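I have placed the structure first, in the form of structure tokens, so that the comments after it can refer back to it.
Numbering (our numbering), first residue to last: 232 to 1198.
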């Protein structure tokens, strides 16, 4: 009996001892470098009890003997270890991180290794390391097939984004932008499409380039889709981030015009000038430009309140323009909430963004005027009739024919555009309790904005002196209210017995777009209303809507063979009932060759996947909302017709086309993804062809056929063919050094293949245009005369080739140059080197094969024959032109190859780490130079343009000093 009691006591003691919690501690390190890993999640398997490793990789957790600890960290293989002692150390093995990266696709996500379409994605860690004004700057020249061209140096100005050459002539070539699940329209009262977003809030930037990946967005995806996500909070830790930077920007160089002394010498050599010389020595470009200062401050707070993850941020930007009086201010705010309910069955994403922009717009016409204004005239005079500014007072009765003092254009005109915008949505994803593999997703969102515009001139401003100045104030000027409601079902299933898994998506989407454009009368500076300025109606409310049904299937067999098929059907109110609906299918296949037995054991090859896709996308942006039906325009007060003593408003019909339908682009893509040495070297190659039919093209029609001589028709076709290459490499990765490289290259060939239903010869050739769209050539091709040169290789003024040998020089002698404003090759290169606490990064890009028409004043006719004598470019010293010859305006002498190589930026940073002992405060400093240098043979100021001529507002060089605080 005593023996039994002893055994029972011993057994009970043993059980109690076994169940007793102990403190388990250890260090988590990376296996390859043996360096500590901070932020590793350690969870007791089967529970919610967990811990996180600190900066030194150390952790501690309460556990029982025999418990299993699960160690997980992004980019590393998860490991499980059984607790057998109070000390558990572990080494984690790095995965091929890029392959397991989660990539956003339309209505869902996929691992990069399972993608079947051509998708380019870049996350925060790979953004351009610069203080960015707009989010386009973060990814510029980082993505193959994506051309990002700055709109110029105006403060706040964004960039144009062209994917694989664009697909349209008269419609837009902008991609569709999706911000946290909300599609946005391009026009929103700001200076750029995306100007109201704070770059510091952006988490990732994904581009869907081929039809397979983009066709799920159907009618709006012909020019590609850009999906942008903002940063979210984490339940694991509380973070405070403060960033601030100060920038100074300067104009790199001025236009190469004559100085005052050189101008006088030219006037004396030709004998006279139309307007008399002055006695001043004025550099007008120096008078309108200034060094510009920018300050930016951002603060964000993220973490969780109990189990409610959140991130909140506020940002403020104050940016001066290099053109005097210009200034751009932006205030942004963001709140993201991401709670989960019902044991994670219901996931909620609430995204709210707000912004205010105050854009004081300097008159950019002053830039050209400064290059043309007589440098012998002063800026200011004693006479205060026109505010103390020199003006050509002999034209006071008709100022429109005179040049205006460029400084007065800036200082006597006040033009301000303000924009208030809010963008938000709530997205619910419910994994049904009765069938967890079935998800119901509902997304409701809005995009609203309100603009205020003011334009005023002083009463003594020379051009408006006769009217006593002017004031136009529009509050509001425009309001936008776009609403979104969509819902889809998502079902996924893994069938191990069949070595298969698949998922199905089926959904519905409704987009409603409403704009209200307000009209107001104009007033003199003293408040008196101008006669006949009362608008015929106070506002206009154009609206349109899109209803969509869509579906997609992804199938994976044996983790080797992948299939994706999608179908979308869109109905748009912009088309008549006969053509309202369009259908947009796509299909893609992929083969993971690396998983085959003959490659699976290769130690050097980490990834090899072949992709093939085909699909059709559509286009309906850029079309008037009611163009398919008859409409009438109400005239202004000065267009009234009087019967007897009563004036009546006039009404005029507008051109319309009831047969207008979708523009459609069929796209074929073949791609190869590769990786070597655990993806230390990785990349992709893509070959594509896009054929656009039913081009939306503004076409000249015979008079009397419709209510106008031009009509928007579905007529013509265009093709883009190209190759894209991208490679990422990490040559060195040690405890102290990490060096990464990125290079991407794109070749695109664009050609218009049809423009009419009949004979295409000569279609699109206009005698008053330098850029034309005609069959057999790229869009925006130059159409010029062939210049004749002398024995010294200099142009002979007024002499061009008589192409048809009829003895006359006219438009029939112009030729299609086969030289386009669009580059054929795009190159991008970036590198980042980290050594201990130091870092240095640099980025370059090149555009090759595009042309610009550079025709400054280089004939003394500008001095002798114009109403006001104007300055010349130094090109005059080469040409010595003296006459006003109409053919010279269209001479190919002025057509220049604008290929270039730019160093976009260089950044040097130092991370001080934790600034105080045992402190959680981290400090970093960085210095950046942007627009460092450009190598080109182009004679103008900036060769980067896709419009055929350089941007009027030159891009400046920027010096920035930044501070980053983390807690």
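Here a beta-carbon is modelled for each residue, glycine too, at the ideal position from N, C-alpha and C.
Because the structure is a prediction, the values reported are computed rather than measured.
Candidates the options: which alpha carbon is nearest residue i's?
i, options, result
"residue 479", "552, 441, 834", "552"
"residue 1066", "412, 760, 1143, 896", "1143"
"residue 895", "455, 759, 590", "455"
"residue 586", "396, 595, 1097, 560", "560"
"residue 674", "1061, 412, 1031", "412"
"residue 385", "590, 514, 606", "590"
"residue 505", "1100, 720, 416", "1100"
"residue 838", "905, 260, 332", "905"
"residue 1261", "844, 845, 825", "This structure cannot settle anything about residue 1261, because the visible part of the chain is limited to 232 through 1198."
"residue 964", "923, 910, 706", "910"
"residue 448", "1175, 1021, 806, 817", "817"
"residue 913", "922, 971, 931, 545", "971"
"residue 854", "927, 801, 873, 788", "927"
Taking buried to mean at least 16 other C-beta atoms within 10 Å of its own C-beta, is residue i buried or exposed?
i, result
"residue 1191", "buried"
"residue 1179", "buried"
"residue 1088", "buried"
"residue 468", "exposed"
"residue 526", "exposed"
"residue 236", "At residue 236, the pLDDT of 45 sits below 50, so the modelled position is not reliable and the matter cannot be decided from this model."
"residue 1181", "buried"
"residue 536", "exposed"
"residue 893", "buried"
"residue 243", "At residue 243 the pLDDT is 43, less than 50, meaning the model places this residue with poor confidence; the figure from the coordinates comes in the next sentence. The residue in question, residue 243, is exposed, as its Cβ has fewer than 16 Cβ neighbours within 10 Å."
"residue 406", "buried"
"residue 632", "exposed"
"residue 378", "buried"
"residue 248", "Note that residue 248 has pLDDT 41, beneath the 50 cutoff, so the model's placement of it is unreliable and the number below is only indicative. When all chains shown are included, residue 248 counts as exposed."
"residue 1186", "buried"
"residue 542", "buried"
"residue 496", "exposed"
"residue 1069", "exposed"
"residue 1122", "buried"
"residue 288", "buried"
"residue 1081", "buried"
"residue 1198", "exposed"
"residue 880", "exposed"
"residue 393", "buried"
"residue 515", "buried"
"residue 368", "buried"
"residue 1193", "buried"
"residue 1250", "Outside the shown range of the chain (232 to 1198) lies residue 1250, about which nothing can therefore be said."
"residue 1189", "buried"
Less than 8 Å between the CB atoms is what I'm expecting for residue i and residue j, so what's the real figure, rounded?
i, j, result
"residue 644", "residue 620", "The Cβ separation is near 12 Å, so there is no contact."
"residue 738", "residue 718", "6 Å"
"residue 849", "residue 813", "5 Å"
"residue 742", "residue 414", "7 Å"
"residue 431", "residue 474", "6 Å"
"residue 1184", "residue 383", "4 Å"
"residue 323", "residue 307", "4 Å"
Inset, instruction - Evaluate contact between the stretch 706 to 714 and the stretch 676 to 685, counting only Cβ atoms and requiring at least three cross-stretch pairs below 8 Å. - result: Yes, they touch.
Inset, instruction - Write down every uninterrupted run of the alpha helix (DSSP H) in the stretch 579 to 630 whose length is 4 residues or greater and which is fully enclosed by it, in chain order. - result: Entirely contained in the stretch 579 to 630, the alpha helix (DSSP H) runs reaching 4 residues are, in chain order, 596 to 603.
Inset, instruction - Tell me, please, whether the stretch 347 to 361 touches the stretch 936 to 950 by the rule of three or more beta-carbon pairs shorter than 8 Å. - result: Counting Cβ pairs under 8 Å, fewer than three are found: no touch.
Legend entry - Cβ pair count under 8 Å reaching 3, the stretch 1008 to 1016 against the stretch 1038 to 1045: yes
Legend entry - the stretch 778 to 785 touching the stretch 855 to 867, judged by at least three CB pairs closer than 8 Å: no
Legend entry - Ranges of the beta strand (DSSP E) found wholly within the stretch 458 to 527, counting only runs of at least 3: Uninterrupted beta strand (DSSP E) stretches at least 3 residues long and entirely within the stretch 458 to 527 occur at 470 to 481, given in chain order.
Inset, instruction - Any chance you could list the beta strand (DSSP E) runs of at least 3 consecutive residues sitting entirely within the stretch 532 to 587, in chain order? - result: 539 to 551, 558 to 568
Legend entry - Validate contact between the stretch 688 to 696 and the stretch 743 to 751 using beta carbons, cut 8 Å, 3 pairs: With a cut-off of 8 Å, the stretch 743 to 751 and the stretch 688 to 696 do not count as touching, because too few Cβ pairs lie within range.
Inset, instruction - Mind the definition here: the stretch 647 to 657 touches the stretch 613 to 628 only if three or more C-beta pairs lie below 8 Å; say whether that holds. - result: no
Inset, instruction - Please list the segments of the alpha helix (DSSP H) lying wholly inside the stretch 343 to 371, counting only runs of 4 or more residues, in order along the chain. - result: 367 to 370
Inset, instruction - Answer yes if the stretch 953 to 961 comes into contact with the stretch 975 to 982, meaning at least three C-beta pairs across the two stretches below 8 Å, and no otherwise. - result: yes
Legend entry - Length at least 4, wholly inside the stretch 1058 to 1117: the alpha helix (DSSP H) runs in chain order: Correct list: 1092 to 1095, 1107 to 1110.
Inset, instruction - Specify whether the stretch 431 to 442 and the stretch 1109 to 1126 touch according to this definition: at least 3 beta carbon pairs, one from each stretch, less than 8 Å apart. - result: no
Inset, instruction - Report yes or no: do three or more beta-carbon pairs, one from the stretch 367 to 382 and one from the stretch 479 to 488, lie closer than 8 Å? - result: no
Legend entry - Three-pair Cβ contact test at 8 Å for the stretch 979 to 988 versus the stretch 1072 to 1081: When Cβ pairs closer than 8 Å are counted between the two stretches, the stretch 979 to 988 is seen not to touch the stretch 1072 to 1081, the count staying below three.
Legend entry - Length at least 3, wholly inside the stretch 706 to 750: the beta strand (DSSP E) runs in chain order: The stretch 706 to 750 contains these whole beta strand (DSSP E) runs: 731 to 749.
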